[in-house]
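S.K.: Be aware that the sequence shown starts at 191, since it is given in this note's numbering, and climbs by one per residue.
Using N, Cα and C, we set each Cβ at its ideal position, and we do this for glycine too.
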Amino acid sequence: MSEIAIIGDSDIISVFAPLGIDVHHAPSPERAREVLTSLIKGRRHKIIFITAGLAVHMMAELQATEASDVVVVPLPDHTGGGEVLEEEMKRIAREAIGMEV
191 MSEIAIIGDS DIISVFAPLG IDVHHAPSPE RAREVLTSLI KGRRHKIIFI TAGLAVHMMA
251 ELQATEASDV VVVPLPDHTG GGEVLEEEMK RIAREAIGME V
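1. Using the C-alpha atoms, what's the distance from S228 back to I196?
2. Quick one: grab the DSSP three-state call for V262.
3. Extract the residue ranges of the alpha helix (DSSP H) inside the segment 194-232, only unbroken runs of 4 or more that lie entirely within it.
4. Considering Cα atoms alone, identify which of S258, D201, A250 and H247 is closest to R234.
5. Can you tell me which of the three DSSP states T269 falls into?
So, in structure tokens, the structure goes:
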């Protein structure tokens with residue numbers, strides 16, 4: 191059992207399975223929310239990657255995970271959303287170290 195999981199479109203995440211990463215197909219943000227909630231409650235994973243196309247629709251959920259012992263990392267993909275995620279990562283870094291990066 192891997193301590194790393196990835197949530198996203200099957201075309202993108204399937205390449206991670208041979209690396210021993212637990213892959214979870216989520217064709218929609220709603221399904222991704224369900225999977226993320228389940229993975230966090232299961233407490234089996236330390237790191238959960240989620241593709242950017244889904245992550246941009248789940249900012250509240252991603253912020254809520256900051257209080258847990260699971261690290262949720264947006265993973266860039268072909269669908270965009272990079273600008274929103276970049277701003278979110280800057281916010282997290284600013285809160286963590288107290289200054290703009």
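M.R.: In short, the structure shows the following:
1. 13 Å
2. strand
3. 200-203 and 219-232
4. S258
5. coil
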